[in-house]
Each structure stands twice: as structure tokens, then as C-alpha cells.
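Data block below; observations after.
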Amino acid sequence: MTFEILAKNIEGIQAALQQQAAHAVNLSLTARNWLMGCYIVEFEQNGEDRAQYGAKLLKRLEERLQTKGLTERRFREFRRLYLVYPQLGKEVLNYVGAQTYAAIALPEEIRRTSSAESENTAIRRLMSAELAQQTWQVPAEKLFYRIPLSHLTLLSKIEDPIKRAFYEIETIKGCWTYDELDRQISTLYYERSGLSKDKESLSKLVNQATNALAPKDVLHNPVSLEFLDLEQSEKTDETDLETAILDKLQDMLMELGNGFCFEKRQKRILIDGDYFKIDLVFYHRVLKCHFLVELKVDKFSHVYASQLNMYLNYYKHEVMVADDNPPIGLLLCTDYNETVVKYATGGLDPNIFVQKYHIKLPTEEELKAFIAKSIKAEN
1023 MTFEILAKNI EGIQAALQQQ AAHAVNLSLT ARNWLMGCYI VEFEQNGEDR AQYGAKLLKR
1083 LEERLQTKGL TERRFREFRR LYLVYPQLGK EVLNYVGAQT YAAIALPEEI RRTSSAESEN
1143 TAIRRLMSAE LAQQTWQVPA EKLFYRIPLS HLTLLSKIED PIKRAFYEIE TIKGCWTYDE
1203 LDRQISTLYY ERSGLSKDKE SLSKLVNQAT NALAPKDVLH NPVSLEFLDL EQSEKTDETD
1263 LETAILDKLQ DMLMELGNGF CFEKRQKRIL IDGDYFKIDL VFYHRVLKCH FLVELKVDKF
1323 SHVYASQLNM YLNYYKHEVM VADDNPPIGL LLCTDYNETV VKYATGGLDP NIFVQKYHIK
1383 LPTEEELKAF IAKSIKAEN
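Residues 1023 to 1401 (the working numbering) make up the sequence shown, in order.
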């Protein structure tokens, strides 16, 4: 054995066992959070003294436990994880094992079961009740063992079960990091796939450009555009989607009438030698002001608010005439956090408005078929 071989062997051991340790930690956290969510829901439904806590239950729980990481916000995440993924019960219980349950005070509903049935058997029966499994639903085993807790927490925020299943299987296929999953959700990958005729090719292109999951990654009042009826194309990327929405949005505002006068699309303005482009510019003859529209195919960022604020200030100083009122800015995003918007726009032009939009997909059946095919390919 040479020194170089020794070094390579140690590197291999470090990489392999670090990944194994990270995976074990992640599974334990998933099991812990799911179980805590289960107990919280059980108490909310059947707790003897639940009435005296009401909406303050989770805050009181935080104050009572005083344990780092167990906060009101986390408890809400745990509850949502359980409610969205009840099918994880069987995998969680198999992973935790019978010995752990001997030290856990079981919910009252379990204790009311027949004495001939052990508590461990009862909890398995209660929590592993099989839901009607659809071909497009990702099996519980894959959800538990293949998707990190951080990803499941993010996925649980998606209300549409088909959309959620789509991102679940794509996360598994692409071994996405948390940031990559977040980016794909923000940039409407699900919607782009729905608008793409060749979904498999789009999936390959997306996953070729993503970063694979590493051990460190697991330790760590919308505007509705459904009526836009976007047309399908072979492979719809982010630029295609933005162009299609802008086309329809421009037509929509022009047909609204009531004073909207279209001026320019991709309006170029020059500021200190640098060119910038405003997506859509209208003039409203009733309000006597310009109406600037910026469309983003991802979630809100403070940078977007600052950018739109700059455009509004430019119009105030360079474009407005004596009879004009201050311009209005509309920022359309796929999603936003109200607190982030509040702090990002605080102190900026009061005429900045932030809204999120939805897109109607051609058919759900086609997406279900694509998800089912992807799940089958993973088996």
C-alpha cells in the first residue's frame, strides 16, 4: 500500500459513512416530526383538556417544553407533515421499532383498543391504514427513504396532490437539493411540463442542469391567469413561459378597456449608460398615469421590488408631464411571502403592488399518466 492509496481509501470511507450517517439522521428526524405531528392532531381531536388551549395550543406547547428546535412554527410544520403524508405511518413505525414505543405514552385512541391487541400492534393498525393508492401517487416507502425531511417539509406546502406528486417523483429522479427543488417550484416546472408535449425530454433537460443531492443537504390573493389558455409546445422552458404569459397578459389588459392604452412591450430605458427593459408599459387615460408591469416566472425576491421601484422613479423624473399622476407598478410572481414583501417594499414607492398568479394546465390526466410512468420506471 502506498501513501496515495491510503489517502484514497480514507477518503472513500469518509464519503461513504458520512453519507450513511446523514441519511440515518434524516430518517430519524422525519420519523420524529411525523410522530409529533400525529400526537398534536390526536390531541386537537380527542384531548380531554383541548378546549382550554384552543388556538394557543402550539405556543403553550413551546413554552412548556422549552426545547431548542421545538417552536410553535416547527409544530405547525410537524402537524402539516402528518396531515399531508398520513401514509408515512407504516414506514415510520417500522423504522422506529417496537422498543422505542415501549417508552412512549400512546394516544388515548390506541389505549381504547382491545386488550388482546398489544399497544404496538394497535398503533401500527391505526397509523398504517392504507389509503386508496392511485398509480400516480408516489409509494410511501419512496417518500420516506428517498426524500429528505427538508424537501418533504417544502413539498407539504403544495396543496394540489397531483402537483405535489409530480415534484416528489422528479426530486427522486433528479436527486435534487433543497435549493433546486425550491427553484423548480418557483419557476413553474410543473406548469411548464403540463404545457410541454414532450415531457420526458423536458425532464431530462431539467435534471441535466441540476446539482445532485449531497450528504450536507439532508442535514440542514393570487392573480388568476387560468383564462389565458396557454398553448402547448414541444418543450416549454422559462423563457417560453414568460413570452407566452406576456403575450396573453398584454392582450388581456388591452381588452379590459376602461382607460388602458398600450404603449410598449420590453420598453428599453437608459440610466447612466445602462439599458433596462420594462416588460409592459400602459398609460391609463382615466387615472392619468403610466402603468408598469413586471412579470417574474419565480417567487418574489426583494431584488424585484427594488428594480420596479427604480423604474417608477425613472418615470417620475424622466417621463411624467405636468398633468400626470405618479406611475403605478405591478409585480407578478409565482409566489411570495407576505412578511418578505412587507419588509422589501417598506419605504419604497407606495404605488408598488405585488401579486401572484396561477396558470391552468391543459389536462390533469396527462400529468397523472406521466407521473405514473415515472414511478414505474423508478421501481
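Glycine residues also receive a C-beta, built at the ideal position from the N, C-alpha and C atoms.
Values in this document were obtained by computation on a predicted structure and should not be read as measured data.
Neighbourhood of residue i by C-beta distance below 6 Å, restricted to the same chain and skipping five residues each side
i: Phe1313; result: Phe1304, His1306, Ile1350
i: Phe1188; result: Tyr1212, Ile1393
i: Ala1124; result: Confidence at Ala1124 is low in this model, with a pLDDT of 47, below 50, so its placement is unreliable and no value can be given for it.
i: Ser1150; result: The predicted position of Ser1150 is uncertain, since its pLDDT is 49 and thus under 50; no value can be drawn from it.
i: Ile1300; result: Lys1289, Leu1314, Tyr1333
i: Ile1180; result: Arg1186
i: Ser1140; result: Model confidence at Ser1140 stands at a pLDDT of 48, short of 50, so the residue's coordinates are unreliable and nothing is read from them.
Member of the options whose CA lies at the smallest distance from the CA of residue i
i: Asp1269; options: Phe1392, Asp1296, Glu1316; result: Glu1316
i: Thr1199; options: Lys1078, Ser1172, Tyr1333; result: Ser1172
i: Ile1293; options: Asp1182, Tyr1337, Asp1071, Lys1179; result: Tyr1337
i: Phe1097; options: Leu1080, Gly1111, Phe1284; result: Leu1080
i: Arg1054; options: Phe1100, Gln1156, Leu1083; result: Phe1100
i: Glu1113; options: Thr1265, Arg1168, Leu1389; result: Arg1168
i: Asp1346; options: Asn1048, Thr1367, Lys1398, Cys1311; result: Cys1311
i: Ile1374; options: Ala1391, Leu1330, Lys1398; result: Leu1330
i: Thr1265; options: Val1341, Leu1087, Arg1214; result: Arg1214
i: Leu1057; options: Leu1115, Lys1078, Ala1044; result: Leu1115
i: Gly1059; options: Gln1088, Ser1050, His1339, Pro1108; result: Pro1108
i: Leu1302; options: Phe1284, Leu1203, Val1308; result: Phe1284
i: Arg1205; options: Asp1071, Thr1356, Asp1182; result: Thr1356
i: Leu1309; options: Pro1348, Ile1062, Asp1296, Glu1340; result: Pro1348
i: Leu1049; options: Leu1203, Asp1071, Tyr1117, Glu1340; result: Tyr1117
CB contact flag (residue i, residue j, <9 Å)
i: Lys1195; j: Ser1396; result: yes
i: Arg1287; j: Phe1298; result: no
i: Ala1327; j: Leu1370; result: yes
i: Tyr1358; j: Lys1321; result: yes
i: Leu1110; j: Ala1046; result: no
i: Thr1157; j: Leu1177; result: no
i: Lys1164; j: Glu1360; result: no
i: Gly1119; j: Leu1389; result: no
Neighbourhood of residue i by C-beta distance below 7 Å, restricted to the same chain and skipping five residues each side
i: Thr1052; result: Phe1166, Leu1171, Leu1174
i: Ser1136; result: Because the pLDDT of Ser1136 is 38, which lies under 50, any placement of that residue in the model is unreliable, and the question is left without a value.
i: Thr1024; result: none
i: Glu1190; result: Val1160, Leu1165, Ile1169, Leu1177
i: Gly1034; result: none
i: Leu1092; result: Glu1084
i: Lys1030; result: none
The ligand NAD heavy atom lying under 8 Å from the CB of residue i
i: Leu1079; result: For the ligand NAD, the structure offers nothing, since it holds no ligand at all.
Proximal residues to residue i (C-beta, below 8 Å), its chain only, five neighbours per side dropped
i: Val1362; result: Phe1322, His1324
i: Ile1184; result: Trp1158, Glu1386, Leu1389, Lys1390, Ile1393
Cutoff 9 Å: residue i Cβ touching any chain B Cβ
i: Tyr1212; result: The structure shown contains no chain B, having only a single protein chain.
Could you give the uninterrupted runs of the alpha helix (DSSP H) lying entirely in the stretch 1334–1386, keeping only those of 4 residues or more? 1360–1367
Using a Cβ distance threshold of 8 Å, determine whether the stretch 1037–1046 contacts the stretch 1098–1105, with at least three qualifying pairs required. no
Which ranges does the beta strand (DSSP E) cover as unbroken runs of at least 3 residues, wholly within the stretch 1285–1317, from first to last along the chain? 1296–1306, 1311–1317
Residue ranges of each alpha helix (DSSP H) within the stretch 1043–1093, 4 or longer: 1079–1087
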